[in-house]
Amino acid sequence: MTAPLQGQMMDVPLTVSALLTHAARFYGSVEIVSRRIEGDLHRYTYRDCERRAKQLAQALLGLDVQPGERIATLAWNGYRHLEAYYGTTGIGAVCHTINPRLFPDQIVFIINDAQDSYVLFDTPFAPLVDMLAPQCPHVRGWIALTDDAHRPDMRTPVLSYETLLAPHDGAFDWPRIDERSASYLCYTSGTTGHPKGALYSHRSTMLHAYGAALPNALALSARDVVLPVVPMFHVNAWGIPHAAPLAGAKLVLPGKDLDGRSLHELMEAERVTFSAGVPTVYLGLLAHMKETGARFSSLERTVIGGSACPPAMLRTFEDDYRVEVIHAWGMTEMSPLGTLVKLTSEEAQRPPLVRRALREKQGRAVFSVDMKIVGDDGQELPWDGVAFGDLHVRGPCVIDRYYGADTSPLIDGWFPTGDVATLDPDGFLHITDRSKDVIKSGGEWISSIDVENIAIAHPAVAEAACVAVAHPRWTERPLLVVVKRPHADVTRDELLAFYTDKVVRWWIPDDVVFVDELPHTATGKLQKLKLREQYRHHRLPSALAADDCPLADSTADADARAAGPVHEGIPARRSRR
Ligand code: AMP
2 MTAPLQGQMM DVPLTVSALL THAARFYGSV EIVSRRIEGD LHRYTYRDCE
52 RRAKQLAQAL LGLDVQPGER IATLAWNGYR HLEAYYGTTG IGAVCHTINP
102 RLFPDQIVFI INDAQDSYVL FDTPFAPLVD MLAPQCPHVR GWIALTDDAH
152 RPDMRTPVLS YETLLAPHDG AFDWPRIDER SASYLCYTSG TTGHPKGALY
202 SHRSTMLHAY GAALPNALAL SARDVVLPVV PMFHVNAWGI PHAAPLAGAK
252 LVLPGKDLDG RSLHELMEAE RVTFSAGVPT VYLGLLAHMK ETGARFSSLE
302 RTVIGGSACP PAMLRTFEDD YRVEVIHAWG MTEMSPLGTL VKLTSEEAQR
352 PPLVRRALRE KQGRAVFSVD MKIVGDDGQE LPWDGVAFGD LHVRGPCVID
402 RYYGADTSPL IDGWFPTGDV ATLDPDGFLH ITDRSKDVIK SGGEWISSID
452 VENIAIAHPA VAEAACVAVA HPRWTERPLL VVVKRPHADV TRDELLAFYT
502 DKVVRWWIPD DVVFVDELPH TATGKLQKLK LREQYRHHRL PSALAADDCP
552 LADSTADADA RAAGPVHEGI PARRSRR
């Protein structure tokens, strides 16, 4: 066999620093505006950002940081954090973003697992750093992301970031780096067991940035003003700190104040056109809008993901505020974007309800992501929008193995996501559950996400979680745990009646519990594991009745189960398990 003919193009590695250099050279005067921890608004340009990222690179080299060394950040969205993204990766070090909302013992585990050599932190985390430092022997230095004047009093000896940068001039060329070398280290939330590290490469980060910026994904351009509410400590803020400089878009970084009023004020003041965040944060924003009667004068579209976007939230954004919602799904192990909803011109002509049903799904794959659903026997299931199975993915931005792990999680070259989903003939993904959260009732499967979405559509419901509770007759039945909106009221029976005609009867929860708040993970997802444990011994009224006749089977229930799905897009049975 003859060798294939080689292409004759320049061998320029895909390295993260090229993104910032591109923005600094071609969009040099475009602004980056940050609400600082110090309280004021800071503004500068991509040109300034690159200079300071280079000053940081020089400072790190001065501290003898070597390629491949892990430099951690514990920080909100702000310009110094952005400089840390580029200053570390630019010299071949690895930027390890840590989620400060994790439990301190998880953070200790993560820092020691990653063997971070320096940790850059925002000053509100000073007490946390004092707690962590004695337990993290590998860390050579803790760097407060501020100047000497604002450096907090701490037990731990710390350097101040500005003092570190001051002696350097930023006159520095980014070194050439192998595109397969590591760029970022991001840990999963660790809802079960220890968090696991996903180690991205320059190549995967760059391919992800290209894919994320495309018109069928975030569709960023130089005309956009982008406010990532999603934190830079969680999976690279969905790639926005890379896609925005690639597109030359203005960045607005909201700092630590993510309440509705602060976000809305910043969006209006900076004429934000595009935002991205998890549903929980947007609950606060929408509550503020409703209470004050405020409007968005510049916001055009927002990506919502991280957990299922409740259809009621999608409706409110689109109908009440004329803001397009782009529902997205992804995970840490995928860098993280997997799918987003963008309709073709033909789909956009469909009747409003059909269109809405499509927008409520998780969408189509971002370029470079391939996916399939499989049954328990590992066989691929049809893309018919009905069969649901375990979702497997692959692509150049999907992990091959976890950081430090000896074994690969892949099955036949595919990464099992742990999500249960359907795929329809047009390639639309619909996540029905985490495989651990699915409710198994009488041998059939109930999607907890769909049950929650109906509850959230009730005007008196602020948030809802649906979890499985053991049942003597049906194995498991759904329990709905609900937080009411302030000043609103609804009874258990009214809420259950709200389900009539929306789902088959056996999908209707057996009971409702009202609570003041629901537990969330460090990344804003409902902590269903905790709820399942908490309500493990909850006695469902139906269970009490079933205790009297454990073997009885009601014809009505059996008929209802046989009837399968009643409303479009919600599969009632999984074809194999
Ligand atoms: P993380 O790695 O922390 O970003 O979590 C990834 C997981 O969040 C996914 O595997 C899903 O279970 C869940 N998730 C993310 N986005 C969505 C979405 N749009 N709808 C439903 N679940 C989602």
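Numbered according to my numbering, the sequence shown spans residues 2 to 578.
Note that the Cβ used here is the ideal one computed from N, Cα and C, for glycine as well.
These numbers come from a predicted model, not from an experiment.
Under the 10 Å beta carbon count, A213 is surrounded by 16 or more other beta carbons and is classified as buried.
Check the Cα spacing between L64 and each of E301, A25, L165 and L129: the tightest is with L165. Exclusion of the five residues before and after R156 leaves D131 as the residues of its chain whose Cβ lies within less than 6 Å of its Cβ. When L527, L545 and P542 are compared, the shortest CA-CA separation from S190 is found for L527. Looking from the CA of S276, the closest CA among E325, V516 and N237 belongs to E325. When the beta-carbon positions are compared, P101 and L129 come within less than 8 Å of each other.
Taking the Cα positions, L541 is about 39 Å away from P232. Scanning its chain for C-beta atoms nearer than 6 Å, with the 5 sequence neighbours on each side dropped, one finds around D438 the residues S449 and K529, in chain order.
Pairing I432 with Q363 gives a Cβ-Cβ distance under 8 Å.
Here DSSP, grouped into helix, strand and coil, assigns V236 to helix. Within the same chain, G88, G91, I92 and F173 come within 7 Å of A58 by CB-CB distance, once the 5 residues on both sides are set aside. CA-CA distance, L228 to P176, rounds to 30 Å. For V483, no alpha helix (DSSP H) encloses it; the enclosing beta strand (DSSP E) starts and ends at T476 to K485. According to the DSSP secondary-structure assignment, N78 is paired through a beta bridge with G256. For the options F499, V504 and V482, the alpha carbon positioned closest to that of K531 is the one of V482. Rounded to the nearest angstrom, the gap between the Cα atoms of D114 and F126 is 20 Å.
Setting aside the 5 residues that flank it on each side, A461 is surrounded in the same chain by K485, R486, A489, D490 and V491, each with a C-beta closer than 7 Å to its C-beta; the list follows chain order.
With contacts defined as CB atoms closer than 8 Å, D106 and H139 fail to qualify as a contacting pair. Using a cutoff of 7 Å, the CB of K526 counts as near the ligand AMP, since one of the ligand's heavy atoms is closer than that. Annotation: A466 is outside any alpha helix (DSSP H); the continuous beta strand (DSSP E) that includes it extends over V462 to H472. Across the set D179, R53 and E361, the C-alpha of E361 shows the shortest separation from the C-alpha of W330.
Taking the CA atoms as reference points, A366 sits about 24 Å from A250.
For E445, the enclosing beta strand (DSSP E) has its first and last residue at E445 to I447.
DSSP places G63 in the uninterrupted alpha helix (DSSP H) bounded by Y47 to G63. For Y536, the three-state secondary structure derived from DSSP is coil. For the pair L338 and G240, the CB atoms are nearer than the 8 Å cut-off. Non-local beta-carbon contacts of L247 in its own chain, meaning distances under 6 Å to residues more than five positions away in sequence, involve L20, A210 and A214 in chain order. With contact defined as three or more Cβ pairs closer than 8 Å, the segment 386–395 and the segment 412–429 are in contact. G79 is not a Cβ neighbour of R48, given a cutoff of 8 Å. For P229, the enclosing beta strand (DSSP E) stretches over residues V226 to P229. Residue ranges of uninterrupted beta strand (DSSP E) with 3 or more members, entirely inside the segment 332–378 and ordered along the chain, are 338–341 and 371–375.
Taking all protein chains shown into account, F368 has fewer than 16 neighbouring C-beta atoms within 10 Å of its C-beta and is therefore exposed. Straight-line measurement puts the Cα of S263 at about 21 Å from the Cα of L75.
Apart from sequence neighbours up to five positions away, the residues of its chain that approach A134 with a beta-carbon distance below 8 Å are V140, W143, R156 and T157, ordered along the chain.
A residue is called buried once 16 or more other Cβ atoms fall within 10 Å of its Cβ, and V236 is buried on that count. Collapsing the DSSP output to three states places G390 in a strand.
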